[in-house]
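**Student:** In the working numbering, the protein residues as written are 1 to 281.
Heads up, the beta-carbon is just placed ideally off N, CA and C, and yes, glycines get one too.
This is the structure we're talking about:
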């Protein structure tokens, strides 16, 4: 199986946890859903204890736990530019500064806060930081992308997720600042549907400008040719790969998918969660 790529997430670093709902894309936030499983409130924001300095953590042998060349997605259970995290962000910038051999993927809905909360030595951007905004619909695309384009950065990208309606971003692609666009449907307790035609349009816009486009997942409800498909989470990425809506194109046969819980298919393995009712014992 060594010749196959494993379809999985990059390393995730959450220096803080919790968030405040900010726009319509937050309505069915997966972080709130997962916190509810643990009887927690996703609006409780706190600095993580064991993970805060993760990029600088080392093994007993003295090697970094996150090896050189890795891509690290930051604050996937929060927002990097969350106002409530202002007291910790300078420490995080310092950690990022100390790992120039690692790429840090930053994602935010709070585009208007980016400029005033960059490090003093940011200048025209850091080589190891990818600055991305998420835009769930046309309104948020028109609101956030111009702000991103006006900020100096070595790498800028867009995430259309959760994908809630048709989005035209072609006017923002012409000058070549946007290096990658990705999209995904709504997961977990979200029931807002994703339409094939929306993804196809976004794919075609990116292909026309030769900008990499990644369709990461269909979400729970996917509509194509007027037919509604309710997708088990284990198949969100599988079907996205099979759709042919990746640019440059990828061969889905080059990937193998990690197995899921045989009962509910929500997790990589059975963790005794309460959602399907079969694992309570």
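Which ranges does the beta strand (DSSP E) cover as unbroken runs of at least 3 residues, wholly within the region 105–167, from first to last along the chain?
**Tutor:** Qualifying beta strand (DSSP E) stretches, in chain order: 129–134 and 156–160.
**Student:** Look at the Cβ atom of residue 29, then the Cβ atom of residue 18, and state whether they are nearer than 8 Å.
**Tutor:** Contact: no.
**Student:** Assuming the contact rule is C-beta atoms closer than 8 Å, residue 15 and residue 48 should be a hit. Round their C-beta distance to whole Å, please.
**Tutor:** About 6 Å; that satisfies the 8 Å criterion.
**Student:** Let me check understanding here. Comparing Cα to Cα, which of 84, 154 and 130 lies closest to residue 71?
**Tutor:** Of 84, 154 and 130, the residue nearest in Cα terms is 130.
**Student:** Decide if residue 210 is buried, meaning its Cβ has at least 16 other Cβ atoms within 10 Å, or exposed.
**Tutor:** With fewer than 16 other Cβ atoms within 10 Å, it is exposed.
**Student:** Sorted by chain position, which residues of the same chain lie with C-beta nearer than 8 Å to residue 23's C-beta, five sequence neighbours on each side aside?
**Tutor:** Hits under 8 Å: 109, 136 and 140.
**Student:** Got a sec? Which residues, its chain only, sit under 8 Å from residue 127 by beta carbon, not counting five neighbours each side?
**Tutor:** Answer for residue 127: 100 and 154, listed in chain order.
**Student:** Counting only the same chain and skipping the five closest in sequence on each side, list residues whose C-beta sits under 6 Å from that of residue 13.
**Tutor:** Around residue 13: 54, 72 and 74.
**Student:** I need the boundaries of the beta strand (DSSP E) containing residue 215, first residue and last residue.
**Tutor:** Here the beta strand (DSSP E) through residue 215 covers 213–217.
**Student:** Below 8 Å between beta carbons: does that hold for residue 117 and residue 89?
**Tutor:** Yes. Within cutoff.
**Student:** Using 10 angstroms around the beta-carbon of residue 37, count the other beta-carbons present and answer buried if the total reaches 16, otherwise exposed.
**Tutor:** Classification for residue 37: exposed.
**Student:** What distance in whole Å lies between the Cβ atoms of residue 217 and residue 240, which are believed to be in contact at a cut-off of 8 Å?
**Tutor:** About 5 Å; that satisfies the 8 Å criterion.
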